[in-house]
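Colleague:
In the working numbering, the protein residues as written are 1038 to 1384.
1. Return the chain-ordered ranges of every alpha helix (DSSP H) run that is complete within the stretch 1196-1275 and spans a minimum of 4 residues.
2. Once you ignore the five residues that flank residue 1351 on each side, which residues in its own chain have a CB closer than 6 angstroms to its CB?
3. Would you mind working out which of 1128, 1076, 1217, 1138 sits nearest residue 1421, comparing C-alpha positions?
4. Between residue 1353 and residue 1373, which are expected to be in contact by the criterion C-beta below 8 angstroms, what is the C-beta distance as a whole number of angstroms?
5. Which value, in whole angstroms, describes the spacing of the CA atoms of residue 1155 and residue 1347?
6. Please state whether the Cβ-Cβ distance between residue 1113 and residue 1138 is less than 9 angstroms.
7. Going by the beta-carbon positions, is the gap between residue 1248 and residue 1153 smaller than 9 angstroms?
8. Tell me the DSSP secondary structure of residue 1101 in three-state form.
9. Enumerate in chain order the residues of its own chain whose CB-to-CB distance from residue 1357 is below 7 angstroms, with the five nearest sequence positions on each side excluded.
10. Mind checking residue 1213: buried by the 16 CB within 10 Å criterion, or exposed?
11. Assuming residue 1087 contacts residue 1198 (C-beta within less than 8 angstroms), just tell me the rounded distance between them.
12. State whether the stretch 1176-1194 contacts the stretch 1230-1246, with contact taken as three or more CB pairs (one from each stretch) at a distance under 8 angstroms.
13. What is the residue span of the alpha helix (DSSP H) that residue 1065 lies within?
14. How would you label residue 1178, buried or exposed, when you count the other beta carbons within 10 angstroms and need 16 or more for buried?
15. What separation, rounded to the nearest whole angstrom, lies between the Cα atoms of residue 1270 and residue 1263?
16. Under 8 angstroms by Cβ, that's how I've got residue 1268 and residue 1160 pegged, so tell me the actual separation to the nearest angstrom.
17. Have a look at residue 1227 and residue 1318 and give me their C-alpha separation to the nearest angstrom.
18. For residue 1209, count neighbouring C-beta atoms within 10 Å of its own C-beta (all shown protein chains included) and say buried if the count is 16 or more, exposed if not.
19. So, using beta-carbon positions, are residue 1048 and residue 1165 closer together than 9 angstroms?
20. Exposed or buried, which one is residue 1073 when buried takes at least 16 other CB atoms within 10 Å?
21. Give me, in chain order, the residues of the same chain whose beta-carbon lies closer than 6 angstroms to that of residue 1333; leave out the 5 immediate sequence neighbours on both sides.
22. Could you give the residue range of the alpha helix (DSSP H) that holds residue 1355?
23. Could you pull the start and end residues of the alpha helix (DSSP H) that residue 1177 belongs to?
24. If you drop the 5 nearest sequence neighbours on each side, which residues of the same chain put their C-beta closer than 6 angstroms to that of residue 1158?
25. Just the C-alpha distance for residue 1379 and residue 1134, rounded to the nearest angstrom, thanks.
26. Can you check the stretch 1074-1150 for any beta strand (DSSP E) of at least 3 residues that lies completely inside it and give the ranges in chain order?
27. What separation, rounded to the nearest whole angstrom, lies between the Cα atoms of residue 1067 and residue 1215?
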């Protein structure tokens, strides 16, 4: 296997007002004869105002079941086999599902993420979950996404929890991955570029107080940071762009607490605070504690409905698993006792 692989995706990226009105031109550019729309019932009600008048009636529509699971991937692979392109509208799990299905079918994929909750539309990686919402696989697609087309107003008007999610998940690029992209790695141009991106993720997000108030270039930069800058970390850094404790906390939360009550990035946001608390990094602890209240991100376990000591034990045991490469590669031989002690500081 190669020592480091740089992956750049998508082939085309557009983030501008009325971009979705021009989707027919892009479909023609890809010479698609029989594309299909993949979306869910909620998004299907929202997107027509941003699209050409007859767009959702011009093409077949397949409804996503709401979770990136192997059963759904298999179902969609069969259902969409006859189409030469997929136009995917939705959130992160739909984007991840569409990427795997398109990779299997080797057809054209145009991603239109409708909430700015993470950078799923861009990357060549999909997280697959069990029916009980536990992460069970990370799949690396062979081909890049063909195009990502974003409509700033659609993203800006997403539910606030998804705007918060995008901020929390994008900040994790810095708080987690700075431990991998260390000074001794900066002789590598690709890793240096990745570190530039994580620092830009931090800088841009910490300057945002109210994403709904952003307009023009400020809104464009906010969206570009969540999608473009964040995804380039994975693209340039390869294994050195892997997440660490914040996403381990997310996976433990979903496993222990059950079906999600909060968005991915809101949970990851508290995971950011967990990691810097574990590191006893006072400056970053203070930075997070000063910033999160400005945008409504969680600062305590209670903010995520964790109130019982038994829950802490289960979270700590899950996070300390010896086969958890994300954690063990940065915090080798970390114990459940150490993790639980750190978690208690977040009450």
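Cβ atoms here follow ideal geometry from the backbone N, Cα and C, with glycine treated the same way. If you're wondering where the values come from, they're calculated on a predicted model, not measured in any experiment.
Modeller: Result, derived from the coordinates:
1. 1197-1214, 1226-1243, 1253-1261, 1267-1274
2. Answer for residue 1351: 1293, listed in chain order.
3. The structure shown does not extend to residue 1421, since the chain is modelled only from 1038 to 1384, so the question has no answer here.
4. 4 angstroms
5. 31 angstroms
6. yes
7. yes
8. coil
9. 1371, 1372, 1373, 1376
10. buried
11. About 21 angstroms separates the two Cβ atoms, so there is no contact after all.
12. no
13. 1060-1066
14. buried
15. 11 angstroms
16. 5 angstroms
17. 27 angstroms
18. With a threshold of 16 other beta carbon atoms within 10 Å, residue 1209 meets it and is buried.
19. no
20. buried
21. 1201
22. 1346-1356
23. Note, residue 1177: premise wrong, no alpha helix (DSSP H); beta strand (DSSP E) at 1172-1177.
24. 1132, 1148, 1150, 1185
25. 35 angstroms
26. The qualifying runs are 1098-1100, 1122-1127, 1145-1150.
27. A direct Cα-to-Cα measurement between residue 1067 and residue 1215 gives close to 38 angstroms.
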